[in-house]
Structure formats: C-alpha cells, structure tokens
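Shown next, in structure tokens, is the structure this report addresses.
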Amino acid sequence: YRKFPDHHFPIISLDCLNASIHFLKALEAYGVDPSRVVICGESIGGWVAAFVTQTLLGRSDLPRIRAQVLICPVIQGFSMQLPSFQQNQNVPFLSRKFMVTCMCNYFAIDRSWREAILNGAHVPPDVWRKYGKWISPDNIPKRFKQRGYQPRVPAPFNEVLYLEVKHILDTENSPLTADDEIIAQLPEAFLVSCENDVLRDDSLLYKKRLEDQGVRVTWYHVEDGFHACIILFDKKPFSFPCSLNIVNAIVSYIKGI
C-alpha cells in the first residue's frame, strides 16, 4: 500500500482491499488453491486484514477466504483505557501515547486532540451505549486485570472533537463493531496477542466477539511477547524467543487448516 506521510486515510485499507481483490481474481495465474487463501496482518495490518475479510463477505464473485490471521491487531478506536492500555502504556515500540499519535498522523487528526482521545472524549454517549457491550473491560478475563489497572469513566463528550475524528469509529476502522450478521459469517481466525502490548485487549475483545457468534478461533497468547516482536524473528542478535515462536505457531496453524 502507499505509505504515510505522502498518503493518509483511507489509502491503506483501500489499497489492501484492491490488491486482495486483484489477487483473488488471478489465483490461477499464481498457482494458488482458491479454497486455501488466508489473509494475514500484523498491528495496523491486522486491522486491515480484519477489514478486508469483513468486506469480502459481500463478494459472491470471489473465492471465500479460508482463514484470517491477526497478529496483535488494532481492532477498535473507541477506548484507550482498557487494561492493556494502562498496564503497558510505557512499553517500548508502541506506548499508549505513541499509538494515538500514529492514529492522529494517519487519520490527519490534529495532535492537540491526543489527550482527549486517550481519555475517551471523542465517543458520544449514545455510541457508547450501542457498542459498549463489545468494548467493555467486563469482556476481558479477570487474569488480565490483576496488575496496574483501574476502571475509568470516559471524559465528558466533546462534540467538536467527535466531528473531527468520528470516522475512526466507523466499522471500516473499528472492525470490532461490525454487526452480528457480519461477524457470524467470518471465516475462522488465528489471533495472536502479546502480554506486554497496549493492543493485547483488542485481540481479546475480538476473540470474544467471534466466539460469541460461533466463529472458530485459535488463540495464541505470548506471555513474554511485546508489540511488533515478530518482525525481529530473523534479526539476530536482536531476535527474541517469542519472535520465532509466533512465526512457528502461525506456520503450524496454516499448514493444519
């Protein structure tokens, strides 16, 4: 896809969707079995993979996706107060503030709104009421809330902020909030979460949504993992055991489906 800073929203998702459609139309040329196509992405790529998988459900002219592999994905833009955001707010590679800074950069949002977004002032009360059942920390297993977490109430709603950033709440950018009818049709998923990652709970929330709608989920949680650790799997001496473990788990899953 075309890269930031020359390109902003919605280029990443559109480029990846168009590339996926082109590939699916040309599987024979690439020697690919149409019954074994897997969509995979890490971090922001995990968000795009989830978006593309949801969007392609409506394309009866294309082969059905066999599975989706989401590695530490960004799944929602509603709450940055989830347990993992608090617990891992200062972990290197992706701190809580840097994550929202990246969001502001891609969506062309003024960075002066960063703190307000972190505190949840961008979400209208009626939107919280509609989607809160899927984003609530109550959906996070208790064992993930035992260190450094304090439940917090979102900051007072700021309508000016909402009008500037409301697109991050759309299903395209927050796949967690897709309708039940969409979620229930999705192919099985392999979800990777890392304990020391602000985005850990995005994976946990999406896992629950998928399972609640009867979608098969294979979950691989990495206790010693951190965001983006997978990219170091072949970067000796900077590689970590968790990096290669994730790669091996994904390869094993894909070979087994």
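If you read the sequence shown in full-length UniProt numbering, its first letter stands for residue 1, the second for the next number, and so on.
Every residue gets a Cβ at the ideal spot worked out from N, C-alpha and C, and that includes glycine.
Problem - Burial state of Gly256 (16 or more Cβ within 10 Å) - result: Around the Cβ of Gly256, a 10 Å sphere holds fewer than 16 other Cβ atoms; the residue is exposed.
Handout entry: Backbone secondary structure at Thr218 - three-state DSSP
Key = In this structure, DSSP gives Thr218 an extended state, which the three-state scheme calls strand.
Practice task
Return yes when the Cβ of Phe85 is within less than 8 angstroms of the Cβ of Ala228, no when it is not.
Solution key: No, the pair does not count as a contact, with Cβ atoms beyond the cut-off.
Problem - CB of Asn245 within 8 angstroms of CB of Val222, strictly - result: In contact: Asn245 and Val222 (Cβ atoms closer than 8 angstroms).
Problem - beta strand (DSSP E) runs wholly inside the segment 122-192, at least 3 long, in chain order - result: Secondary structure remark: continuous beta strand (DSSP E) runs of at least 3 residues inside the segment 122-192: none found.
Handout entry: Every unbroken alpha helix (DSSP H) inside the UniProt domain "Alpha/beta hydrolase fold-3" (1-118) [4 residues or more]
Key = Counting only runs of 4 or more, we get 11-25, 27-30, 44-55, 83-87, 96-106 and 114-118.
Handout entry: Three-state secondary structure assigned by DSSP to Asp202
Key = Annotated three-state conformation of Asp202 is helix, per DSSP.
Practice task
Please name the residue or residues paired with Asn196 in a DSSP beta bridge.
Solution key: Asn196 pairs with Phe226.
Problem - Beta-carbon proximity check, Pro154 vs Trp128, cutoff 8 angstroms - result: The answer is yes: Cβ separation under 8 angstroms.
Practice task
Go ahead and pull the three-state DSSP assignment for Gly120.
Solution key: Correct three-state label for Gly120: coil.
Practice task
Quick one: residues in its chain with C-beta nearer than 7 angstroms to the C-beta of Pro151, no 5 flanking neighbours on either side, listed in chain order?
Solution key: Closer than 7 angstroms at Cβ, skipping near neighbours: Pro137.
Problem - Residue range of the alpha helix (DSSP H) that includes Lys255 - result: Taken as a continuous stretch (DSSP letters only), the alpha helix (DSSP H) holding Lys255 covers Pro241 to Gly256.
Problem - Whole-number beta carbon distance between Leu169 and Val107, since they are thought to touch under 8 angstroms - result: With the sequence shown as reference, residue 107 is identified as Phe, and Val is not the correct amino acid for it. The pair is not a contact, with the Cβ atoms about 11 angstroms apart (cut-off 8 angstroms).
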